[in-house]
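Numbering (the numbering used here), first residue to last: 63 to 917.
We put the CB at the ideal spot given by N, CA and C, even for glycine.
The structure appears right after this line, and notes come after that.
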């Protein structure tokens, strides 16, 4: 018999014991104890008293215990406890009656049965067993007191001890079971408290995580109280999307976020019905009133005693716009694909199977859409060979696209034709495909061959030789019997540049055009074509008039202003119709002939202009030479005629001052000093004016000039004139420019002299000369910089004009000619100068002598 409950023991499997399992274990222990001790007690009683009633009671109890233990092992565990308790009660009562007194040890068995009832039976059954025990004891006490029980036997022995032991074991089992239940309850409560603490900590952490996720959620989210009808929280994405501030939302009623009230009502109805809303399409409204497309998700949740609505809004305006654009793009692609005049196909790259074919392929190669349906390019016979297709595929895979890829393909008629393919790699459902545009260029190739023939024939010729060659090639290209090219002298006369008739060149003549086919062609815009019966309607020019011409085509050659300057015609001796290619070819010949005739006429005009220009140049040169002589005369007049009176004024002023020396007052002396100052200033002004005039004369003698040495010479001169000044001068070494040394010295004299002059009032005067940054390959740029008086940039346009000064004469002396002289010198060299400065912060002048070539 298997009494092991280990396979059903949750503790053995890491699970807590249940009350039922405790009861089953205790009941099993009690049954085993009774089943083992019962026979022993019964045997002891038999040895002591023989086959007495007490032995019979012990035997009956033992048999019942065995039967109940068997039922327990057979699985009827819940039905064993009741019969066992009632058997113990009745058996103990029978043992008391057999023993003869309620003070016998059997009363302990009844007590143990009542304790077991409290342990193993439900409340009602426990009360019933207790009442039954009280009734039995009352009956037994009455019977004993009435003398109806046998004489009690008070003799003791080991049988009594065994009975007492059994009772004690039962009590111990019951007490131990109660103690275990108490300890387990305590431990379970402790575990529950620990688990509750962990759950609370995890709940707080989860709440913090939810709060962080809510705040940082990129989807606009809102929490609203159902009872209060107010907003309890809104994340940053919601605030950014709708434009409301947090103060305008938290604790306030929900503002008008719905553009359509009907959508709001539908949202509320669905939320009440389903307690959640998934992906409701709606139109939201921002604070500024602007609408946007949105998807709305919401759920009704309970937080404690409060009901909340959590709403999330996704702005899908961009997605809808993209979808609309995609649909429009797909529609445009479909229309462009189906209505394109080019043959368009989409083929799978792996095997060349046609996936889409537009109707234009029938015009390109003759194949219909049904010819390509479900077939590969090889099966349809489009490619001349598999090698041709593989070369096309390899090139496409290598480059990713093909632009004007030229190859040959087979038309539906079986003819091999030249085609040009534009192709792009595309991906369709993970499959590499090719979107291709095919153009039949067979006719274009034929025209190119014809034009190449024409170009090779006339490219080396000019003038009249060109027109003869062009007439021969035109006649050969269109099968004409005669070609005439002429130049219009006036509207009624034509000088023939070349006449070709039946392969022979005819001499040039002048013809009258009145009432001729050529006159009709001149008056017509575009090609003038008469395919037949020319002798009936129009008169021909010689030698065509007597040749029985049946067809005629002609076009006027026009100048840029649209006036007719020439004529190109072709004739046939039999009726004919120009094909489209021949029509286009004749137009090309007309265009080329027109361009050559215009060039020829322009050459004539240029020759006339050159002759006239040479005469005008000679006249202009003579005028310039006269002006130069006049300028030299003016310079001499200024230096001699103006300076001589000035010297006389200066001399007479000194003589008069010496004669009146004793009689001069202080005011007289002041007047004489002012006269001397004016004479000196006038002398300097005349000298500067002469210098300005001289820089424009003579020939530039450009050479590599060391500007650093020239600058040092100028600064030494300035220092010599004013040795009392302490000026920090910085001159970069090795500065070289290609220029006229004499004029370069004048440039540096003026610029460095100005820097020296305008730093007179500076506490720490600084003057620098160096080379500025310039564009690589460009002429070098130099600078002169100082920290002197500077100037106002608002008046900078007056810097380089003669007799213009930015400072008063009382502040700094000068004539206002220096910078004008510098600019003229630099412009003669092909260079430039510019200045910048600020009042009281100095000035900087950058200049260049230009390129090495003379202007």
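Buried or exposed (CB count within 10 angstroms, at least 16 for buried), residue 673
Locating residue 673 in the chain shown gives position 611, where the first residue counts as 1. Exposed, because fewer than 16 other Cβ atoms sit within 10 Å of the Cβ of residue 673.
Residue 423 to residue 431, Cα distance in whole Å?
Numbered from its first residue, the chain shown carries residue 423 at position 361. Numbered from its first residue, the chain shown carries residue 431 at position 369. So the two alpha carbons sit approximately 8 Å from each other.
Buried or exposed by the 16-neighbour rule on C-beta atoms within 10 Å, applied to residue 658:
Taking the first residue of the chain shown as position 1, residue 658 is located at position 596. So residue 658 counts as buried.
So if DSSP puts residue 499 in a beta bridge, which residue, or which two residues, is it bridged to?
Here residue 499 refers to the residue found at position 437 when the chain shown is read from its first residue. DSSP lists 406, 484 as partners of residue 499.
Per DSSP, what are the beta-bridge partners of residue 617 in this structure?
Counting from 1 along the chain shown, the entry for residue 617 is found at position 555. Answer is 589, 630, bridged to residue 617.
Just to confirm the assignment: which complete beta strand (DSSP E) runs, minimum length 3, are found wholly within the stretch 363 to 444?
368 to 377, 405 to 410, 416 to 419
Residue 870 burial status per 10 Å Cβ neighbour count (16 or more: buried)
Stepping through the chain shown from its first residue, residue 870 is reached at position 808. Confidence in residue 870 is poor, its pLDDT being 49 and thus under 50, which makes the residue's placement too unreliable to answer from.
Please report how far the alpha carbon of residue 252 lies from the alpha carbon of residue 259, in whole angstroms.
To locate residue 252, count along the chain shown from 1; it is residue 190. To locate residue 259, count along the chain shown from 1; it is residue 197. So the alpha carbons of these two residues sit roughly 11 Å apart.
Taking buried to mean at least 16 other C-beta atoms within 10 Å of its own C-beta, is residue 86 buried or exposed?
By one-based count along the chain shown, residue 86 stands at place 24. Classified as buried, residue 86 has 16 or more neighbouring CB atoms from the shown chains inside 10 Å of its CB.
Taking the continuous beta strand (DSSP E) assigned at residue 463, which residues delimit it?
Numbered from 1 along the chain shown, position 401 holds the residue referred to as residue 463. Residue 463 -> beta strand (DSSP E) spans 463 to 472.
Are there three or more Cβ pairs, one per stretch, closer than 8 Å when the stretch 129 to 147 is compared with the stretch 177 to 190?
Judged by Cβ distances under 8 Å, the stretch 129 to 147 makes contact with the stretch 177 to 190, as three or more pairs qualify.
Taking the alpha carbon of residue 493 as the point to measure from, which residue in 841, 413, 106 has its own alpha carbon closest?
Your numbering for residue 493 matches position 431 in the chain shown. Comparing Cα-Cα distances from residue 493 to each of 841, 413, 106, the minimum goes to 413.
Based on DSSP bridge pairs, tell me the residues matched to residue 906.
Within the chain shown, the letter at position 844 stands for residue 906. Per DSSP, 847, 898.
Since residue 632 and residue 545 are thought to touch, with beta carbons under 8 Å apart, how far apart are those beta carbons, to the nearest angstrom?
Taking the chain shown and counting its residues from 1, the one referred to as residue 632 is at position 570. Taking the chain shown and counting its residues from 1, the one referred to as residue 545 is at position 483. At roughly 5 Å, the Cβ-Cβ gap stays under 8 Å, so residue 632 and residue 545 are in contact.
Let's test the definition: count the other Cβ atoms within 10 Å of the Cβ of residue 468 and tell me whether it reaches 16, buried, or not, exposed.
Taking the chain shown and counting its residues from 1, the one referred to as residue 468 is at position 406. It counts as exposed.
Would you decide whether residue 904 is buried or exposed? Buried here means 16 or more other CB atoms lie within 10 Å of its CB.
Counting from one through the chain shown, the residue named residue 904 turns up at place 842. The residue in question, residue 904, is buried, as its Cβ has 16 or more Cβ neighbours within 10 Å.
Return the Cβ separation of residue 777 and residue 814 in integer angstroms, given the expectation that the two are a contact with Cβ distance under 8 Å.
Here residue 777 refers to the residue found at position 715 when the chain shown is read from its first residue. Here residue 814 refers to the residue found at position 752 when the chain shown is read from its first residue. 6 Å between Cβ atoms; contact.
Within 10 Å of its beta-carbon, does residue 891 have 16 or more other beta-carbons around it, so buried, or fewer, so exposed?
Taking the first residue of the chain shown as position 1, residue 891 is located at position 829. Label assigned to residue 891: buried.
Residue 345, DSSP secondary structure in three states:
Counted from its first residue, the chain shown places residue 345 at position 283. The answer is strand: DSSP assigns residue 345 an E or B state.
Simplified DSSP assignment, three categories, for residue 638:
Walking along the chain shown from the start, residue 638 turns up at place 576. Residue 638 falls in the coil class under three-state DSSP.
Within 10 angstroms of the Cβ of residue 780, are there 16 or more other Cβ atoms? Answer buried if so, exposed if not.
For the purposes of this step, residue 780 is taken as residue 718 along the chain shown, with counting starting at 1. Burial call: buried.
For the alpha helix (DSSP H) containing residue 181, name the first residue and the last one.
Taking the chain shown and counting its residues from 1, one reaches residue 181 at position 119. Residue 181 -> alpha helix (DSSP H) spans 168 to 182.
Whose CA, out of 298, 327, 289, 420, lies closest to the CA of residue 364?
Residue mapping note: residue 364 aligns to position 302 of the chain shown, counting from 1. In terms of Cα proximity to residue 364, the closest of 298, 327, 289, 420 is 289.
Cutoff 6 Å; reference residue 382; Cβ partners in own chain excluding five residues on either side
To locate residue 382, count along the chain shown from 1; it is residue 320. Here the set comprises 355.
Would a check of beta-carbon distances place residue 762 closer than 8 Å to chain D?
Here chain D cannot be found, since the structure has a single protein chain.
Where residue 373 falls, given that 16 or more other Cβ within 10 Å makes a residue buried
For the purposes of this step, residue 373 is taken as residue 311 along the chain shown, with counting starting at 1. It counts as buried.
CB-CB under 8 Å to residue 220, same chain, minus the five flanking residues each way: which ones, in chain order?
Taking the first residue of the chain shown as 1, we reach residue 220 at position 158. Unreliable placement is indicated for residue 220, whose pLDDT of 49 sits below 50; no coordinate value is reported for it.
Would you tell me roughly how many angstroms separate the C-alpha atoms of residue 881 and residue 737, rounded to the nearest one?
Walking along the chain shown from the start, residue 881 turns up at place 819. Walking along the chain shown from the start, residue 737 turns up at place 675. The straight-line gap from Cα to Cα measures roughly 27 Å.
Identify whether residue 303 lies in helix, strand or coil by the three-state DSSP scheme.
As a working note, residue 303 is residue 241 in the chain shown. Of the three classes helix, strand and coil, the one that applies to residue 303 here is helix, per DSSP.
Does residue 602 come out as helix, strand or coil in the three-state DSSP assignment?
Numbered from its first residue, the chain shown carries residue 602 at position 540. Of the three classes helix, strand and coil, the one that applies to residue 602 here is coil, per DSSP.
Tell me, please, whether the stretch 304 to 315 touches the stretch 378 to 393 by the rule of three or more beta-carbon pairs shorter than 8 Å.
no
Cβ atoms of residue 846 and residue 822: under 8 Å apart, would you say?
Here the question's residue 822 lines up with position 760 in the chain shown. Here the question's residue 846 lines up with position 784 in the chain shown. For residue 822 and residue 846, no; Cβs fall outside 8 Å.
Anyone know if the C-beta pair for residue 798 and residue 762 falls short of 8 Å?
Here residue 798 refers to the residue found at position 736 when the chain shown is read from its first residue. Here residue 762 refers to the residue found at position 700 when the chain shown is read from its first residue. No; because the gap between Cβ atoms is not below 8 Å, this pair is not in contact.
Length of the line joining the Cα atoms of residue 266 and residue 273
Within the chain shown, numbered from 1, the residue matching residue 266 stands at position 204. Within the chain shown, numbered from 1, the residue matching residue 273 stands at position 211. Cα to Cα, residue 266 sits roughly 10 Å from residue 273.
Closest to residue 831 by CA distance: which of 851, 840, 909, 264 is it?
Here residue 831 refers to the residue found at position 769 of the chain shown. Of 851, 840, 909, 264, the residue nearest in Cα terms is 909.
For the stretch 276 to 291 against the stretch 328 to 338, do three or more pairs of beta-carbon atoms, one drawn from each stretch, fall closer than 8 Å, so that the two count as touching?
Between the stretch 276 to 291 and the stretch 328 to 338, the count of Cβ pairs shorter than 8 Å is below three; the stretches do not touch.
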